[in-house]
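Peer 1:
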Amino acid sequence: MPELPEVETVRTGLLAHVVGHKITSATQLHERAQNPRSIAPIEDLAGSTVLDIKRRGKFLWFELDRSDVLVAHLGMSGQFLIDPRETRHTRAIFTLKKGRKETALHFNDQRTFGWVSLERKTDGIPTSVAKIAPDIFEPSFDQAAVIANVGRRKVKIKTAILNQNIVSGIGNIYADEALWLARVHPESVTHEMSAAAIGRTLDCAKEVMSQAIKVGGTSFDDLYINVNGESGYFAISLNAYGRENEPCSRCGTLIKRISFANRSSHFCPRCQKKRG
DNA sequence: GGAAATGTTTACCG
DNA sequence: CCGGTAAACATTTC
1 MPELPEVETV RTGLLAHVVG HKITSATQLH ERAQNPRSIA PIEDLAGSTV LDIKRRGKFL
61 WFELDRSDVL VAHLGMSGQF LIDPRETRHT RAIFTLKKGR KETALHFNDQ RTFGWVSLER
121 KTDGIPTSVA KIAPDIFEPS FDQAAVIANV GRRKVKIKTA ILNQNIVSGI GNIYADEALW
181 LARVHPESVT HEMSAAAIGR TLDCAKEVMS QAIKVGGTSF DDLYINVNGE SGYFAISLNA
241 YGRENEPCSR CGTLIKRISF ANRSSHFCPR CQKKRG
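Just so you know, the numbering used here puts 114 at position 114 of the first sequence, and the rest follows in order with no gaps.
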């Protein structure tokens, strides 16, 4: 269940295993595997060669030797796997060929919130990514503009940084970790926050996700693994997420878990204040 | 049986 | 129409 660092880890794996390969066939195995917005069945991909793999936030897309692209979102449990042993949740298969070498790229997804689709690009961005804000690592990310945007709103800061139309890539784990590092309470109302505190939250999100990318993302179980089936190691570095009733590594106060927006939020009630 | 799980979309409300 | 909130989607595990 991938956020930006996990999707970036998948992208890196696809760069190594898929770029330069020709898709000799594509097969949809589950009715929900293909996004309804797809302009054609993915079977039409046959004959295309993969030139590059791009990412914005949690969205991935395959650049091809044609103008349309293969877009993918992993949802909560989507995976791309090269020649996997486990095929129980395989929702689509892409057969790849480079020279004499043939590999199978599986799109697996236990919970079927993920999808793939064939889409057109506008100014280099696929249709389904058009309304997604740049993520924090993109050159086009405008931190001052995002701070102003967030400060204009009257929502909880965590809700704001989870909103993919404001800044993309941050999910529940890294939101909690960023807020912990920034010492900001997740329920701080954005309209009442200083620009400095909002900026610090964004800086910390970037810092935390940078560290996570270096170790292959966060894996709690085999629901998130890279294209070779390997786990990431960032779970050992988590300070807030999933640590309810464990001592805060800064001050020793027990981490608290609350619920809003249909999600759990973990934070230190002592270090993380609603203003500051 | 209930709750929860790394996400997005849509319906609804004021 | 807009901003904000809550439920729905599907599957599995604890």
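Virtual Cβ for every residue (Gly too), placed ideally from N, Cα, C.
Keep in mind it's a predicted model, so treat the numbers as computed, not measured.
1. Please name the residue in A212, P41 and H21 whose C-alpha comes closest to that of E6.
2. From Q79 to C248, what does the alpha carbon distance come to, in whole angstroms?
3. Which class does H17 belong to by DSSP, given the choice of helix, strand or coil?
4. From the DSSP secondary-structure annotation, give me the bridge partner or partners of Q79.
5. Extract the residue ranges of the alpha helix (DSSP H) inside the segment 209-269, only unbroken runs of 4 or more that lie entirely within it.
6. Measure how close the beta-carbons of K206 and I136 come, nearest whole angstrom, since I'm counting them as under 8 angstroms.
7. My assumption, with CB atoms under 8 angstroms, is that D65 sits in contact with L51. Please give the rounded CB distance.
8. So does I161 have its beta carbon nearer than 8 angstroms to some heavy atom of the ligand ADP?
9. Reducing DSSP to helix, strand and coil, say where A40 ends up.
10. Under the assumption that K121 contacts S67 (Cβ atoms under 8 angstroms), give the Cβ distance between them as a whole number of angstroms.
11. In whole angstroms, what separates the C-alpha of V146 from that of V227?
12. Y174 and E3 - do their beta-carbons sit closer together than 9 angstroms?
Peer 2: Answer, in terms of the structure:
1. Counting from one through the first sequence, the residue named residue 6 turns up at place 6. A212 is the residue among A212, P41 and H21 whose C-alpha sits nearest the C-alpha of E6.
2. Taking the first residue of the first sequence as position 1, residue 79 is located at position 79. Taking the first residue of the first sequence as position 1, residue 248 is located at position 248. Cα to Cα, Q79 sits roughly 32 angstroms from C248.
3. In the first sequence, counting from the first residue as 1, residue 17 sits at position 17. Residue state, collapsed to three classes: helix.
4. Translated into the one-based positions of the first sequence, residue 79 becomes position 79. Note: Q79 sits in a beta bridge opposite N108.
5. Entirely contained in the segment 209-269, not one alpha helix (DSSP H) run reaches 4 residues.
6. Position 206 of the first sequence, counted from the first residue, corresponds to residue 206. Position 136 of the first sequence, counted from the first residue, corresponds to residue 136. Going by Cβ atoms, the distance from K206 to I136 rounds to 5 angstroms, so yes, they are a contact pair.
7. Within the first sequence, the letter at position 65 stands for residue 65. Within the first sequence, the letter at position 51 stands for residue 51. Confirmed, Cβ separation roughly 6 angstroms.
8. Annotation note on the ligand ADP: not contained in the displayed structure, which lists no ligands.
9. Position 40 of the first sequence holds residue 40. DSSP places A40 in coil when its eight states are reduced to three.
10. In the first sequence, counting from the first residue as 1, residue 121 sits at position 121. In the first sequence, counting from the first residue as 1, residue 67 sits at position 67. Right, their Cβ atoms sit about 7 angstroms apart.
11. For this step, residue 146 is matched to residue 146 along the first sequence. For this step, residue 227 is matched to residue 227 along the first sequence. In a straight line, the C-alpha of V146 is about 33 angstroms away from that of V227.
12. On the first sequence, position 3 is the one that residue 3 refers to. On the first sequence, position 174 is the one that residue 174 refers to. Contact flag set, yes.
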